Amino acid sequence: MIQSSEAPEPVNQDRSPTPTPQRGLYIRLLLLGSAIMLLSQVIISWFALDRFEEALSPQLNQKAVAVGTALSSQITYASQELGIPVNELIGVNDFFQSTLDSNTDLQYLAIVDLNEGVLFQYNTPQGVINSLMEELQRHPYGSQGSHFTEEIAEYLDSRFPIHVNGNPVATLHVGVSTENIRRQLFTIVFEIIAVILVSMVATIEILNLFMSRNILAPTAHVHRVFESGSRGTFTPRLAMRARNEFGIMVSSLNRLLYELEQRYQDFHFELRELRDAQIDPRISQKISIVINQTANRFG
Numbered sequence: 001m002i003q004s005s006e007a008p009e010p011v012n013q014d015r016s017p018t019p020t021p022q023r024g025l026y027i028r029l030l031l032l033g034s035a036i037m038l039l040s041q042v043i044i045s046w047f048a049l050d051r052f053e054e055a056l057s058p059q060l061n062q063k064a065v066a067v068g069t070a071l072s073s074q075i076t077y078a079s080q081e082l083g084i085p086v087n088e089l090i091g092v093n094d095f096f097q098s099t100l101d102s103n104t105d106l107q108y109l110a111i112v113d114l115n116e117g118v119l120f121q122y123n124t125p126q127g128v129i130n131s132l133m134e135e136l137q138r139h140p141y142g143s144q145g146s147h148f149t150e151e152i153a154e155y156l157d158s159r160f161p162i163h164v165n166g167n168p169v170a171t172l173h174v175g176v177s178t179e180n181i182r183r184q185l186f187t188i189v190f191e192i193i194a195v196i197l198v199s200m201v202a203t204i205e206i207l208n209l210f211m212s213r214n215i216l217a218p219t220a221h222v223h224r225v226f227e228s229g230s231r232g233t234f235t236p237r238l239a240m241r242a243r244n245e246f247g248i249m250v251s252s253l254n255r256l257l258y259e260l261e262q263r264y265q266d267f268h269f270e271l272r273e274l275r276d277a278q279i280d281p282r283i284s285q286k287i288s289i290v291i292n293q294t295a296n297r298f299g
């Protein structure tokens, strides 16, 4: 019986594709371009966020001042024009609740009297209430139509004096939480991160298209020409008319290949002339062998 002597195929044979210079160049350019784009977007976003943070607190304070001015005017009208004492006003807490529901950036509303303490309040933390009384004792009331803003605990408190017939009777307090400001900043940070990620994906796709068309494809052609030259073939040319640095390099390479091809043709012609001029057949045969070898190597 005849048995086959064919050796089995190795089990651990490496079938992974051989990396090409173009692939390595593509990865390096892609990483470099992505790093530059990411760094620039992070820097721009950081400056934009810093400017927004600087403008956010004054804007919220202006909103608190607008709301406080309107509320203090209404309370003053009810007390002075309608003759209702501030401590006897009805439905103030419900009115405060509806006001805060309409202005979610605001944290609390309170009316404080130096003698009777807190008359009305909604959503005011106990620690802030104690601080309001202490501040009112140190800085009692203020002139009519004025307001004063200071930081109490974790809140920006805007104080509005309420005057009836020229006499101060209470102060209205409008609070803005600094934690609310931080939450808005965190929300904006997450939105910026999402925008950066989306823009990075789009940028990578555009960069991939640009590199494939303008860099990788010409580089692949140049690589094939060099491979042909390493095998002794200098006839391939690169058909590129670009006027950038890559086009200048391609033009120089085409001229070099043309000169090498011409020198090879001249050398081959001189060998044939030398062979035909020989009388001794042995020398002529040796020259023919050299001609065939050069034709096989560089033809």
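Residue 110 in my numbering sits at position 110 of the sequence shown, with consecutive numbering throughout. All residues carry an ideal CB built from backbone N, CA and C; glycine is no exception. Note that this is a predicted model, so its numbers are computed, not measured.
Practice item. Please list, in chain order, all residues of the same chain as Leu207 whose beta carbon is under 6 Å from its beta carbon, the five residues on each side excluded. Key: Gly33
Point to revise | Simplified DSSP state of Ile279, which is helix, strand or coil | key: coil
Review point. Roughly how many angstroms separate the alpha carbons of Asp280 and Val290, rounded to a whole number?
Key: 16 Å
**Study point:** Selected residue, minimal CA-CA separation from Glu227, among Glu151, Leu257, Asn123, Asn292
**Key:** Leu257
**Study point:** Limits of the unbroken alpha helix (DSSP H) element including Asp94
**Key:** 92-102
Practice item. Output the boundary residues of the alpha helix (DSSP H) element that contains Glu179. Key: Glu179 -> alpha helix (DSSP H) spans 178-211.
Review point. Three-state secondary structure (DSSP) at Leu216?
Key: Helix at Leu216.
Review point. Nearest to Pro85 by alpha carbon, out of Glu134, Glu53, Glu116?
Key: Glu116
Review point. For Gln107 versus Asn61, is the C-beta distance shorter than 8 Å?
Key: no
Practice item. Going by DSSP, name the residue or residues bridged to Arg159. Key: Phe148, His173
Check your understanding: If we count the other Cβ atoms within 10 Å of its Cβ and call it buried at 16 or more, is Pro161 buried or exposed?
Key -> Buried is the call here.
Review point. With 16 other CB atoms within 10 Å as the buried threshold, where does Ala295 fall?
Key: exposed
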